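Those protein sequences? They're chains L and D, same order as listed.
For what it's worth, the UniProt record's numbering labels the leading residue of the first sequence as 1, then goes sequentially.
For what it's worth, the UniProt record's numbering labels the leading residue of the second sequence as 1, then goes sequentially.
Note that the Cβ used here is the ideal one computed from N, Cα and C, for glycine as well.
Here the structure is a predicted model, which means the values were calculated and not measured.
One structure below.
There are 2 protein chains.
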Amino acid sequence: MTTTTRRGPYAKSAAVRRRILEACVDAFGETGFHGATMKDIAKRAGISHTGLLHHFARKEDLLAALLDLRAERGARILELTGALDPSAKPIEALQGMLTVLVDNELQPGLMELHCVLSGEATSPEHPAHRYYTERYRNLRLFYTRAFTALDERGELRSAFDPATLATMTIALINGLQAQWLFDRNSVEIVGAVRGFLQSVIPAMDR
Amino acid sequence: MTTTTRRGPYAKSAAVRRRILEACVDAFGETGFHGATMKDIAKRAGISHTGLLHHFARKEDLLAALLDLRAERGARILELTGALDPSAKPIEALQGMLTVLVDNELQPGLMELHCVLSGEATSPEHPAHRYYTERYRNLRLFYTRAFTALDERGELRSAFDPATLATMTIALINGLQAQWLFDRNSVEIVGAVRGFLQSVIPAMDR
DNA sequence: CCTACCGATCGGTAGG
DNA sequence: CCTACCGATCGGTAGG
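Encoded structure:
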């Protein structure tokens, strides 16, 4: 087979789908799911409206594919930073999350996307409602495991229980990112989160 | 004048405008500014589409009036709780904000509205962008003044400066409210915020 | 406040 | 029978 010259239809299709989903990050990030239009997304992706519909028959399919991609990438990054097991390596897990926060600031489009979509998805009828409900639940589970492990090792100094600390950490991160999107000079996301974690975990001095 | 029987056009108009803005809280809260439709808002308010256009010619006018009303009510509540001057009475100011949080939980529709709109308003082109930019800035100013006053009295125990503490407090509140909207059983807003404030202000033991 | 509409644009589909 | 689209247009609805 002449694999060097021939690309095949699948390779092309995958590249187009990638361009489409990149366009979705911008479109959904700017006006949300409701405000975005299929025709605008097609234009941003550089294909025709019907070309877009060939790949994604409905607007909801577009959102589902985008959220799948984001969840997949998020899991992969955590794996690379070795922060997958918060119970066994809680400090590494929390520092891995800080690394993700640093990375997020380099991709403001993705932060805006999650900020806008999670706001819209508050309504139970929103196509991303289940996604964000589970995302929050999984994040609380992740942080609760890390704080519980630290507590059992006697490395937690806080009046709050691990579960409440988990909820607070997530809230702090999301709230800081939201403020940062409105005023990038007045908010220092990573420093504040790291400082908060250090204030309850003496061993986390780096 | 027969003030008892006659109401006059202004009284009726004001009542209709109130019903319209109440409908807007639900409509904008459920699908955001972009997702909401003028015809749906009219239906919720119990008037015709064109009747709505008589009171508010454009969708943006509706949003502006709603945000004005919210800002006005928020200022009035703070005034009533005697928390208007964070520099002179910092503890009272912070406890006043806690009172507002308690009140917010009784009006989930308003919390959803702000969550959805502030997410959408991340984009500079959004009609509420300026409103939320200034809202965040004013809130940071309010909390910074309270924490600065406490610091000068030697009542602040934190590695963070007052401005950073202000940003973090606001972030915590917004983030907790967002999570609460997705899972009301797993998140305890007021307790977490009060605990956070108590952890940096020993004098705030109530 | 209503009926009667407008230019345009919506998400989605036709045949090729 | 497949893919990766295209130009044109469907019935309905948006804000005004």
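Helix, strand or coil at residue i according to DSSP, with G and I counted as helix
i, result
"L:Gly106", "Note that residue 106 of chain L is Leu in the sequence shown, not Gly. Coil."
"D:Met111", "helix"
"L:Phe28", "helix"
"L:Ala128", "coil"
"L:Glu152", "helix"
"D:Lys89", "coil"
"L:Ser199", "helix"
"residue 210 of chain D", "Residue coverage of chain D in this structure runs from 1 to 206, which leaves residue 210 of chain D outside it and unanswerable."
"D:Asp205", "coil"
"L:Ala146", "helix"
"L:Gly8", "Residue placement at L:Gly8 is flagged as unreliable, the pLDDT there being 49, under the threshold of 50; the coordinate-derived value follows with that caveat. Note: L:Gly8 maps to helix in three-state DSSP."
"D:Glu134", "helix"
"L:Arg184", "coil"
"D:Ala121", "coil"
"D:Leu84", "coil"
"D:Arg19", "helix"
"L:Thr2", "Confidence at L:Thr2 is low in this model, with a pLDDT of 34, below 50, so the placement of that residue is unreliable and no value is reported for it."
Rounded C-alpha distance that separates residue i from residue j
i, j, result
"D:Val16", "L:Leu62", "40 Å"
"D:Ala159", "D:Arg153", "16 Å"
"L:Thr37", "D:Gln198", "47 Å"
"D:Ser48", "L:Ile91", "59 Å"
"D:Val187", "D:Thr50", "42 Å"
"L:Leu21", "L:Ala65", "8 Å"
"L:Ala88", "L:Gly46", "47 Å"
"D:Arg76", "L:Phe56", "49 Å"
"L:Thr167", "L:His129", "18 Å"
"D:Leu84", "L:Gln177", "27 Å"
"L:Gly191", "D:Arg58", "43 Å"
"D:Arg19", "D:Lys43", "11 Å"
"L:Gln95", "L:Phe147", "13 Å"
"D:Ala23", "L:Arg70", "35 Å"
"L:Glu155", "L:His126", "41 Å"
"D:Pro162", "D:Arg145", "8 Å"
"L:Met204", "L:Phe196", "10 Å"
"D:Glu72", "D:Asp103", "16 Å"
"L:Gly74", "D:Gly82", "46 Å"
"D:Ala93", "L:Glu60", "45 Å"
"D:Leu139", "D:Val200", "19 Å"
"L:His114", "D:Pro202", "36 Å"
"D:Ser13", "L:Lys39", "40 Å"
"D:Asn185", "L:Leu165", "15 Å"
"L:Pro124", "D:Pro124", "27 Å"
Beta-carbon gap between residue i and residue j smaller than 8 Å
i, j, result
"L:Pro86", "L:Phe142", "yes"
"L:Asp183", "D:Thr169", "no"
"D:Glu112", "D:Leu181", "yes"
"D:Leu98", "D:Arg157", "no"
"L:Thr31", "D:His34", "yes"
"L:Val25", "D:Gly119", "no"
"D:Leu101", "D:Ile189", "yes"
"L:Gly175", "D:Asn174", "yes"
"L:Leu150", "D:Ala171", "no"
"L:Leu53", "L:Ile41", "no"
"L:Leu67", "L:Tyr131", "yes"
"L:Gln107", "D:Tyr136", "no"
Segment limits, alpha helix (DSSP H) that includes residue i
i, result
"L:Met38", "Met38 to Ala45"
"D:Gly51", "His49 to His55"
"L:Phe160", "That residue, L:Phe160, is in no alpha helix (DSSP H); it is neither H nor E in DSSP."
"L:Leu80", "Lys59 to Leu80"
Contact test: residue i Cβ vs the ligand HEM heavy atom, cutoff 7 Å
i, result
"D:Leu101", "Summarising the ligand content, the structure contains no ligands, and the ligand HEM is consequently not present."
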